[in-house]
Amino acid sequence: MALPEDRRRVSADMEARRLQVMRHYQIIDTGMEAEFERIVRLARSALGFSVAALSILDGERQWFKARIGLDMCETDRMVSFCTHTIEQSKPLVVPDATADTRFCTSPLVVGEPYIRFYAGAPLIVPEGAAIGTLFVVDHQPRSPLDARQLAVLEDLAGLTVSALVDRRDRLKREAELEARVAEAEEAARRSAEAKQEFLALAGHELRTPLNAIMGFAHLISNHDAPLSSDQVRDYAQSIGDGGGRLLKTIEKLLGFVQCEQGDLKLENEIVAVAPLLGQAVRQMTPEAEAGDVRLEVAPAAADLTVLADRVLLFQMLEQMLSNAIRFSPRGGLVRVSAARHADGAMALVVEDEGEGMDETALRRAMKAFGQAHSGLTRPHEGIGLGLPLTKRLAELHGGSVSLTPISGAGVRAELTLPSTRVDPETVRLNA
Numbered sequence: 001m002a003l004p005e006d007r008r009r010v011s012a013d014m015e016a017r018r019l020q021v022m023r024h025y026q027i028i029d030t031g032m033e034a035e036f037e038r039i040v041r042l043a044r045s046a047l048g049f050s051v052a053a054l055s056i057l058d059g060e061r062q063w064f065k066a067r068i069g070l071d072m073c074e075t076d077r078m079v080s081f082c083t084h085t086i087e088q089s090k091p092l093v094v095p096d097a098t099a100d101t102r103f104c105t106s107p108l109v110v111g112e113p114y115i116r117f118y119a120g121a122p123l124i125v126p127e128g129a130a131i132g133t134l135f136v137v138d139h140q141p142r143s144p145l146d147a148r149q150l151a152v153l154e155d156l157a158g159l160t161v162s163a164l165v166d167r168r169d170r171l172k173r174e175a176e177l178e179a180r181v182a183e184a185e186e187a188a189r190r191s192a193e194a195k196q197e198f199l200a201l202a203g204h205e206l207r208t209p210l211n212a213i214m215g216f217a218h219l220i221s222n223h224d225a226p227l228s229s230d231q232v233r234d235y236a237q238s239i240g241d242g243g244g245r246l247l248k249t250i251e252k253l254l255g256f257v258q259c260e261q262g263d264l265k266l267e268n269e270i271v272a273v274a275p276l277l278g279q280a281v282r283q284m285t286p287e288a289e290a291g292d293v294r295l296e297v298a299p300a301a302a303d304l305t306v307l308a309d310r311v312l313l314f315q316m317l318e319q320m321l322s323n324a325i326r327f328s329p330r331g332g333l334v335r336v337s338a339a340r341h342a343d344g345a346m347a348l349v350v351e352d353e354g355e356g357m358d359e360t361a362l363r364r365a366m367k368a369f370g371q372a373h374s375g376l377t378r379p380h381e382g383i384g385l386g387l388p389l390t391k392r393l394a395e396l397h398g399g400s401v402s403l404t405p406i407s408g409a410g411v412r413a414e415l416t417l418p419s420t421r422v423d424p425e426t427v428r429l430n431a
């Protein structure tokens, strides 16, 4: 036989769970609702009583969600009849409260509302907890309810539980919808801000080299004195540099638009990785030397190959290298390596010794129209499409791009492509 303290502990645990379930329904202290008012009116008229109510019991009180013939809106739980009702699974019927030792001294019996007869059914929700009652009372003692009346009371209690469950589910759906709407609005706001910033950055990145091209062209065509060959060569070099920068910006814009619209098709071929690394490093060496950055290539296995579009794979690697060079300090080192994972996937890794980024900046750098640093005063050039474009191209290959901070300083960029790839026509790019 269980000890009294054990029983009390079990009872306390059950009550704690009951209260948790009750709060989940978000019903207590809410306003009038027509459905519950109708149920209370039905209970009074169908059973022929002067008072009917729907009560919800929290830890210290019983609160009336709907009531008719009753002036008070709540009572102390300790003196309520309903406290006893929720402790059982069947209706509680008290024909004469003055003759029942449990209730004869209750303030609700010796004072307003002078309850004499009580019949209440527990509201047992699907979670198995009784969170309240549907009850009728009279100011005069009455005979116990007959079988038909008990069935009506239990049926109405069942309707009340169904209404409570429907209400809870509706509130949940509304809350989820509100959350989705708020999330969508926030995403739209962030997207609008990012696109607005992108337009400003794109305009800046297009105008700057264009102004240089026009400026040096003007110097050549409108110079009063003949230009020396060195001057012409310098001006031509500046025009070429500006044109190259302008071309890269336009290519990124067009490439990103093609990816977004699904117009980019892959040309499948088996690509040897080692020669590709060498070609990319040679291509990027002038840019690295201009920034006083060293490029270091780890030898790749001669038989390391990957199924990919050679041109786009080169473009992805070139972008990763360009990004690493751009963010490296003078005298810094950029390391490039390639290897095959245990699952057969091929990974290209580029590591720099830049200032590093936190997780927030890394996530921003991978988003379209985003840069690790925003605004026209950002420390590095670019429109924030290089890495997002690389990510899109990797996804089109069935792969991925990840950025992780390196302990101390720097960032590790890894492009992973699978050993096998589905038909690119079936690939859907992630937003």
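If you count by full-length UniProt numbering, then the sequence shown holds residues 1 to 431, one letter each, in order. Glycine residues also receive a C-beta, built at the ideal position from the N, C-alpha and C atoms. All of these numbers come straight from a predicted model, not from anything done at the bench.
Assuming residue i is part of the beta strand (DSSP E), what are its boundary residues?
i: P122; result: 117-124
i: A347; result: 346-351
i: K65; result: 61-68
i: A413; result: 411-417
i: L295; result: 294-297
i: R340; result: 333-340
i: E355; result: Careful: E355 lies outside any beta strand (DSSP E) and carries neither H nor E.
i: P226; result: Element bounds for P226: n/a, residue is neither H nor E.
Taking the continuous alpha helix (DSSP H) assigned at residue i, which residues delimit it?
i: R314; result: For the record, residue 314 in the displayed sequence is Phe; it is not Arg. From DSSP, the alpha helix (DSSP H) with F314 extends over 310-326.
i: I39; result: 34-47
i: M284; result: 273-290
i: V109; result: 107-110
i: E359; result: 359-365
i: L57; result: No alpha helix (DSSP H) holds L57; the beta strand (DSSP E) holding it covers 51-57.
i: L393; result: 386-396
Considering only the alpha carbon of each residue, which of the options lies closest to residue i?
i: T85; options: E154, H397, R41; result: E154
i: I68; options: Q88, F36, C104; result: F36
i: Q62; options: M22, L92, V94; result: M22
i: Q149; options: G120, R189, A66, A212; result: G120
i: P329; options: T360, A301, V411; result: V411
i: G59; options: A66, P388, Q20; result: Q20
i: S89; options: G132, Y118, V110, S106; result: G132
i: A16; options: N268, Q231, A192, A129; result: A129
i: L171; options: Q26, M284, S238; result: Q26
i: L57; options: G215, T75, T101; result: T75
i: L321; options: L387, L206, T360, L108; result: L387
i: R280; options: L312, A192, D303; result: Arg is not the amino acid found at residue 280; the sequence shown has Ala there. When only C-alpha atoms are compared, the closest one is L312.
i: L134; options: G31, L159, Q319, L264; result: L159
With respect to 7 Å, is the separation between the Cβ of residue i and the closest non-hydrogen atom of the ligand ZN below this value?
i: I270; result: The ligand ZN is not part of the structure shown, which contains no ligands of any sort.
Would you decide whether residue i is buried or exposed? Buried here means 16 or more other CB atoms lie within 10 Å of its CB.
i: H341; result: exposed
i: P286; result: exposed
i: L254; result: exposed
i: C82; result: buried
i: K391; result: buried
i: I325; result: buried
i: E176; result: exposed
i: S229; result: exposed
i: M316; result: buried
i: H397; result: buried
i: T105; result: exposed
So, under 8 Å CB-CB, residue i and residue j are touching, yes? Tell me the CB distance rounded to an integer number of Å.
i: V137; j: I115; result: 5 Å
i: V336; j: V297; result: 5 Å
i: V161; j: I124; result: 7 Å
i: F314; j: L266; result: That pair is no contact at about 13 Å.
i: A347; j: L415; result: 7 Å
i: P107; j: L70; result: About 15 Å separates the two Cβ atoms, so there is no contact after all.
i: L47; j: K65; result: That belief does not hold up - the Cβ atoms of L47 and K65 are roughly 18 Å apart, past 8 Å.
i: A300; j: V334; result: Contact flag wrong, Cβ pair sits at about 16 Å.
Please confirm whether residue i has its beta-carbon closer than 8 Å to some beta-carbon of chain C.
i: V94; result: In summary, chain C is missing from the structure at hand, where a single protein chain is found.
* Asked: Where in the region 117-178 do unbroken runs of the alpha helix (DSSP H), each at least 4 residues long, occur, reported from the N-terminal end onward?
  -> With a minimum length of 4 residues, no continuous alpha helix (DSSP H) run stays inside the region 117-178.
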